[in-house]
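Data first, discussion second: the structure below is written as structure tokens.
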Amino acid sequence: MTIGQLKLETRDRVVYATVAGDIDMSNVQQIREALGRATTNQALGLVLDLSDVDYLDSAGIHLIHTLGSHLQSHGQKLAFVIPPDSVINDALRLAGLSWEEARIATADEAPQVFGGGAVPPAR
Amino acid sequence: MAPTDVHNRPARHLGAGQVALELDSSVATPTRRLRDLVRLSDPALSELPFEQLLDELLLRVRDLLDVDTVAILLLDHRTDQLVATAARGIEEEVEQGVRIPIGRGFAGRIAKERVAIFIADVDHADVVNPILSEKGIRSLLGVPLIVEGDLIGVLHVGSLTHRRFDLRDLAVLELAAARAAPAIERSRLIMALAREHANAVMLQRSLLPREFAETTGIGVAARYLPAREEVGGDWYDLIELGRGEIGIAIGDVVGHGLHAATLMGQMRSALHAYALEGHGPARTLELVDRFAMSLGESAMATAAYVIVNAATGAVRLASAGHLPPVVIPVNGEPRLLDVNPAPPLGAFDHCRCEEREAFLDQGETMLLYTDGLVERPHVPLSSSLEQLLGAVGGAQTAEDACLLAVDQLVPQRGPRDDIAVIALQNEQIPALFDASLPAHPQMLSRLRRMLGRWLAQQRLDETTITEITIAVSEACSNAVEHAYGMDEDGFRVRARTADGAIEVIVTDRGSWRPPRGQNRGRGLMIMQSAMDSFEITSDETGTAIVMAKRTAAGS
Numbered sequence: 123m124t125i126g127q128l129k130l131e132t133r134d135r136v137v138y139a140t141v142a143g144d145i146d147m148s149n150v151q152q153i154r155e156a157l158g159r160a161t162t163n164q165a166l167g168l169v170l171d172l173s174d175v176d177y178l179d180s181a182g183i184h185l186i187h188t189l190g191s192h193l194q195s196h197g198q199k200l201a202f203v204i205p206p207d208s209v210i211n212d213a214l215r216l217a218g219l220s221w222e223e224a225r226i227a228t229a230d231e232a233p234q235v236f237g238g239g240a241v242p243p244a245r
Numbered sequence: 043m044a045p046t047d048v049h050n051r052p053a054r055h056l057g058a059g060q061v062a063l064e065l066d067s068s069v070a071t072p073t074r075r076l077r078d079l080v081r082l083s084d085p086a087l088s089e090l091p092f093e094q095l096l097d098e099l100l101l102r103v104r105d106l107l108d109v110d111t112v113a114i115l116l117l118d119h120r121t122d123q124l125v126a127t128a129a130r131g132i133e134e135e136v137e138q139g140v141r142i143p144i145g146r147g148f149a150g151r152i153a154k155e156r157v158a159i160f161i162a163d164v165d166h167a168d169v170v171n172p173i174l175s176e177k178g179i180r181s182l183l184g185v186p187l188i189v190e191g192d193l194i195g196v197l198h199v200g201s202l203t204h205r206r207f208d209l210r211d212l213a214v215l216e217l218a219a220a221r222a223a224p225a226i227e228r229s230r231l232i233m234a235l236a237r238e239h240a241n242a243v244m245l246q247r248s249l250l251p252r253e254f255a256e257t258t259g260i261g262v263a264a265r266y267l268p269a270r271e272e273v274g275g276d277w278y279d280l281i282e283l284g285r286g287e288i289g290i291a292i293g294d295v296v297g298h299g300l301h302a303a304t305l306m307g308q309m310r311s312a313l314h315a316y317a318l319e320g321h322g323p324a325r326t327l328e329l330v331d332r333f334a335m336s337l338g339e340s341a342m343a344t345a346a347y348v349i350v351n352a353a354t355g356a357v358r359l360a361s362a363g364h365l366p367p368v369v370i371p372v373n374g375e376p377r378l379l380d381v382n383p384a385p386p387l388g389a390f391d392h393c394r395c396e397e398r399e400a401f402l403d404q405g406e407t408m409l410l411y412t413d414g415l416v417e418r419p420h421v422p423l424s425s426s427l428e429q430l431l432g433a434v435g436g437a438q439t440a441e442d443a444c445l446l447a448v449d450q451l452v453p454q455r456g457p458r459d460d461i462a463v464i465a466l467q468n469e470q471i472p473a474l475f476d477a478s479l480p481a482h483p484q485m486l487s488r489l490r491r492m493l494g495r496w497l498a499q500q501r502l503d504e505t506t507i508t509e510i511t512i513a514v515s516e517a518c519s520n521a522v523e524h525a526y527g528m529d530e531d532g533f534r535v536r537a538r539t540a541d542g543a544i545e546v547i548v549t550d551r552g553s554w555r556p557p558r559g560q561n562r563g564r565g566l567m568i569m570q571s572a573m574d575s576f577e578i579t580s581d582e583t584g585t586a587i588v589m590a591k592r593t594a595a596g597s
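Chains as they are written, first to last, in the working numbering: chain A, 123 to 245; chain B, 43 to 597.
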């Protein structure tokens, strides 16, 4: 995939990023940089919607981990949208990970994660 | 007839009524015209485009000599003929494309003998071109155009009344020729270069990203044949859509010439761009239609757009006034695929395209073509289509299909109309998987699609396919990391079914490096947990990762 398959939107100080296609060593760096630029220190956190991702490899998993620690060190939060039937679940299982603590079912739940009062994003 | 008084020097008689003139150095350039003559040496002349340059020269010569007609004929090297290229007063010469063989008539003799010729009375002279006398020209004076010893053409002037061109006239005309010839030649060279560029652009239409087609399981081949005479507006295109999908487009802009070729470029780009946006075939054509309407001025084209899924062979297609695709089965008769076409692009506002779904079995080929392939005078379209179906039967590959179609339907001397042909084949899935790819991160997703296609053929459940794909992709990531930056090195993946298991070997020519950091360690862990057996061997020739996974049937 190309960087064109990454969509970014900021609402109520929360960055919503939707990635489609494959995430592997060919594009993790691009995605990492784009997410880093979008999540300024004004943002409460980042919602990474992986519903439309076809493939995630160890490089992608590593990206998400380092991103999570980076945001945490800045007092920001990271949440994922991963549907139960996603192929990502296979990759996570094989890598011995679950990410349960940060998962949400849909992006609409994000405002609860990032504090009340926020308006759900248009989808 | 008697030579005129200006020819009281030794004169050679060449043919009836023709006298060869030689200007000797004793004849001085007439001073009163000197200033006018400078106009012919104007350096700005050589900066003009070819057509304008000739026009300007004709005007200046006509005014300087006060004549009724001026013409420039240029030598066509291939035919040894003089071709009327520019004229004033006798424009018909150019319009009718008059050609004079070297050695014949007035201009032909000037070219052959490389001398100036004077004709006092056209009615009594050996003149090939009837236009000269039809226009009522009485007297003619012509000189050869020579550049560095090479004859490039003839410049001649004429008078509607009997006129005795004198040596002063000759001096002016010769000077004009001496100035004009190099400028013409230079301008002609520039034009030839421009034409060569146009040809190069045309060739470019015929190029396909080969290694892409070779590695997806969809074989693609194409041809573009320019028309005998003119540039046309046919095109084809191949669009890598990602996620295992490939777009194939074909189109034909109505009309010929540079205008059609320019429109072709615009239509092709528009279609390519909308396709990349991820629109389906029908929507893509609807958007290109809207684009064509917005161009105004009769931008009309037929087109078909097909999206094929490399993993499944599923095909979606739509047509805007385009001829139906041919489907060539492995065994059996080729058939036309019934598509309900919308009107051509650019014909009506808000055209609605219909999408049709089809399926290409393993080994089946689909052929798309433009009307130049099947339209010929006095032959009904239905019988040309029959001929096409007959021609491509038995094609084993996409390349075969193009070869057979072009070979049997295009006349020997080339097509009257330009032709575009593109074929795609859902290639047979081999029993053994074997792929060698360059060590580049971009190749990983390609490898996964290819392997996924092969694994789907092995009757495995979805989870097993996913787990094997993830493990192999991790192994290939390692190989890419080893070799990345070393151009000549690639990696190779082989897979087979043996004893109820899938065995995969990934090899590269780099040396194995023990995992450093969490990322690499995670990749190793994924491979180990996805597969039942896993082994890395590394020596000076490279690294091999051998993995196996029991399949449901074997466990």
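The C-beta atom is built at its ideal place from N, Cα and C for all residues, glycine as well.
Under the three-state DSSP convention, the category residue i falls into
i: A:Glu131; result: strand
i: B:Arg398; result: strand
i: A:Asp176; result: strand
i: B:Val61; result: strand
i: B:Phe92; result: helix
i: A:Asn211; result: helix
i: B:Val588; result: strand
i: A:Ser297; result: Here chain A covers residues 123 to 245 and nothing more, so residue 297 of chain A does not appear.
i: A:Ser191; result: helix
i: A:Gly158; result: helix
i: B:Trp277; result: strand
i: B:Asn520; result: helix
i: B:Glu417; result: coil
i: B:Thr326; result: helix
i: A:Gln198; result: coil
i: B:Gln500; result: coil
i: A:Ile204; result: coil
i: B:Glu98; result: helix
i: B:Val546; result: strand
i: B:Glu227; result: helix
i: A:Asp144; result: strand
Burial state of residue i (16 or more Cβ within 10 Å)
i: B:Ala225; result: buried
i: B:Val421; result: exposed
i: B:Thr326; result: buried
i: B:Thr505; result: exposed
i: B:His364; result: buried
i: B:Ser181; result: buried
i: A:Gln151; result: exposed
i: B:Glu577; result: exposed
i: B:Met233; result: exposed
i: A:Gln194; result: exposed
i: B:Ser229; result: buried
i: B:Arg130; result: buried
i: B:Arg151; result: buried
i: B:Thr258; result: buried
i: B:Glu176; result: exposed
i: B:Thr121; result: exposed
i: B:Gln60; result: buried
Distance between beta carbons of residue j and residue i, contact taken as under 8 Å
i: B:Ala462; j: B:Val522; result: That pair is no contact at about 37 Å.
i: A:Leu157; j: A:Leu189; result: 6 Å
i: B:Ala356; j: B:Ala384; result: No, B:Ala356 and B:Ala384 are not in contact; Cβ-Cβ is about 22 Å, not under 8 Å.
i: A:Ile153; j: A:Leu178; result: Not really, about 11 Å apart at Cβ, beyond 8 Å.
i: B:Gly261; j: B:Leu446; result: 15 Å between Cβ atoms; not a contact.
i: B:Ala360; j: B:Glu397; result: 5 Å
i: B:Met573; j: B:Ala477; result: B:Met573 to B:Ala477, Cβ: 19 Å. No contact.
Contact test: residue i Cβ vs the ligand ATP heavy atom, cutoff 6 Å
i: B:Asp294; result: For the structure depicted, the ligand ATP is absent and the ligand set is empty, with no information on it obtainable.
Looking at chain A, which residues of the region 564 to 585 of chain B have a Cβ within less than 8 Å of any of its Cβ atoms? The residues in question are Arg564, Gly565, Met567, Ile568, Ser571 and Ala572.
Suppose only complete runs of 3+ residues qualify. What are the beta strand (DSSP E) ranges in the region 172 to 216 of chain B, listed by chain order? 181 to 189 and 192 to 201
Using a Cβ-Cβ cutoff of 7 Å, what residues of the region 199 to 224 of chain A are near chain B? List them in chain order. Val209, Asp212, Ala213, Leu216, Ala217 and Gly218
Determine which residues of the region 140 to 152 of chain A have a Cβ less than 7 Å from any Cβ of chain B, and write them out in chain order. Within the region 140 to 152 of chain A, the residues whose Cβ lies closer than 7 Å to some Cβ of chain B are Gly143, Asp144, Asp146, Met147 and Ser148, listed in chain order.
4-residue-minimum alpha helix (DSSP H) runs that sit fully inside the region 102 to 147 of chain B, ordered along the chain: 134 to 137
Below 9 Å between beta carbons is the criterion; list the residues of the region 514 to 543 of chain B that meet it against any residue of chain A, in chain order. Cβ contacts with chain A come from Ser515, Glu516, Ser519, Val522 and Glu523.
Note down, in chain order, all residues in the region 480 to 513 of chain B with a beta-carbon under 7 Å from any beta-carbon belonging to chain A. Pro483, Gln484, Leu486, Ser487, Arg490, Thr505, Thr508, Glu509 and Ile512
Taking a Cβ distance cut-off of 7 Å, strictly less, list which residues of the region 163 to 183 of chain A are near chain B, in chain order. Within the region 163 to 183 of chain A, the qualifying residues are Asp176, Tyr177, Asp179, Ser180, Ala181 and Ile183.
Give the residues from the region 265 to 292 of chain B that approach chain A closer than 7 Å (Cβ to any Cβ), ordered along the chain. Gly284 and Arg285
Return the chain-ordered ranges of every beta strand (DSSP E) run that is complete within the region 404 to 453 of chain B and spans a minimum of 3 residues. Counting whole runs of 3 or more residues, the region 404 to 453 of chain B contains the beta strand (DSSP E) stretches 407 to 411.
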